[in-house]
Each structure stands twice: as C-alpha cells, then as structure tokens.
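Input: a single structure, listed below in structure tokens.
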Amino acid sequence: MGLAEKRLAATIQTDALPKFISEIQEVATYPIAITIDWETFTAFDTYPLSRLENYVFNDVKEAIGKICSDAIGKEALQESVTTIHIRNTDQQDNFSMELKDKTLFLTERLYGDTFSNHMTNMIVDYLESVL
Numbered sequence: 078m079g080l081a082e083k084r085l086a087a088t089i090q091t092d093a094l095p096k097f098i099s100e101i102q103e104v105a106t107y108p109i110a111i112t113i114d115w116e117t118f119t120a121f122d123t124y125p126l127s128r129l130e131n132y133v134f135n136d137v138k139e140a141i142g143k144i145c146s147d148a149i150g151k152e153a154l155q156e157s158v159t160t161i162h163i164r165n166t167d168q169q170d171n172f173s174m175e176l177k178d179k180t181l182f183l184t185e186r187l188y189g190d191t192f193s194n195h196m197t198n199m200i201v202d203y204l205e206s207v208l
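Counting the sequence shown from 1 gives a position; this note's numbering is that position plus 77.
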C-alpha cells in the first residue's frame, strides 16, 4: 500500500463511510454496522478504493432501499442483517455474497476489468432469496 492508497482510504473512512452508514440506517430504519476489509482495497492502487466509494456504497444503499421498500422487506432485513462486511479480491472466482450469522458478506472484484454495474440487482436478488 502506497501513500496515495493510505490517503484515499483515510479520506473514505472519515468522510464517505460515516455518510454511507447514516444513509444505510436512514433507508433501513435501523442501525446496520458496516465493516470493510481495508487491506483488500489498498493492496493494488487507488482504483479499487475509488470504486468502493463511487459505486459500491451507492449499490449497497440502493439494494437496501429496494429491500426496505415495504414493511415486509424492512422486517425481514432487520431480522436477518445486522452487519454488512465488504471486501475486495483480485480473483474473479472469489466474487461472492453470503448471509451468515446476521452478516451480509460482500466480496467484490474491484480491480481489473470485470467490475459489474449490475451490483444493486445482484444484491437484491441474493437477499430476496435468503430473507
């Protein structure tokens, strides 16, 4: 991890992440903890961190908004999800979503050319199948 990655990660942690957490809690109407495996984002260059801030946060917020669009979805999410854990991988085969022990684990591949702009729908489809 270079200085540029350290600076961007620090900026995201102090500026974008608190805003993201607040927006998630507003949409879900209950507190959801957000944890990020920072080491997996800073291992390359600033590109994965930029994608985290500019795409992933928005995709997750929109997905939670779609799930919580009615009382049934809000209740199901609140009963099943207390934490969202986000990590990055450089291996395409390691992209995954898993709901385990009330934690939604999102492993994204934000490095290289395989980033998907359909993440919101993928998260919604996955959560609706397990809630």
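Here a beta-carbon is modelled for each residue, glycine too, at the ideal position from N, C-alpha and C.
Item                                                                                                                                                        : Value
Please classify T117 as buried or exposed, where buried requires at least 16 neighbouring CB atoms within 10 angstroms.                                     : buried
Grab the span of the alpha helix (DSSP H) containing K143 for me, first residue to last.                                                                    : 134-144
Does DSSP classify K96 as helix, strand or coil?                                                                                                            : helix
Is the beta carbon of I200 sitting closer than 8 Å to the one on D136?                                                                                      : yes
Going by beta carbon distance, what residues of the same chain come within less than 6 Å of L204, once the five residues before and after it are set aside? : I144
From K177 to E185, what does the alpha carbon distance come to, in whole angstroms?                                                                         : 17 Å
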